[in-house]
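I have placed the structure first, in the form of structure tokens, so that the comments after it can refer back to it.
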Amino acid sequence: MTGSPSSRTFTPVGRWTKSSRSNLNASCVELARAGSTTAVRDSKNPTGPILLFDGKLLAHFLAGVKVGRFGL
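Residue numbers (this note's numbering): 9 to 80.
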């Protein structure tokens, strides 16, 4: 994936949610939706940067995470 940082703002519909599989030490990500866009952020840094995904891009990103493509 390539790209450059953006100053685009994101206002979620509803609240940020964590996976039910998240552990108690807060090493998790949170997701929020706004229309067809899904935002992902670090739960330890809620005012920090967020990643924005549209449609199929989120599915591709999650598939990459599952196979360790990003060192996560």
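Built from N, CA and C at the ideal position, the CB exists for glycine as well.
- Could you tell me which residues DSSP pairs with Lys26 in its beta bridges? Locating residue 26 in the sequence shown gives position 18, where the first residue counts as 1. Bridge partners of Lys26: Glu38.
- In chain order, what residues of the same chain lie with their CB nearer than 7 Å to the CB of Lys26, ignoring the 5 residues before and after it? Mapped onto the sequence shown, residue 26 falls at position 18. Taken in chain order, the residues that qualify are Cys36, Glu38 and Ser51.
- Using CA coordinates, which residue listed in Thr55, Arg41 and Thr46 is at the minimum distance from Val21? The residue labelled residue 21 in the question sits at position 13 within the sequence shown. Nearest option by C-alpha distance: Arg41.
- Task: Quick one: measure Cβ to Cβ for Ala47 and Leu60, integer angstroms, because I've assumed they're closer than 8 Å.
- Result: Here residue 47 corresponds to residue number 39 of the sequence shown, with the count starting at 1. Here residue 60 corresponds to residue number 52 of the sequence shown, with the count starting at 1. Contact flag correct, Cβ pair sits at about 5 Å.
- Which one of Thr55, Lys74 and Leu66 has the shortest CA to CA distance from Phe18? Here the question's residue 18 lines up with position 10 in the sequence shown. The option with the nearest alpha carbon to Phe18 is Thr55.
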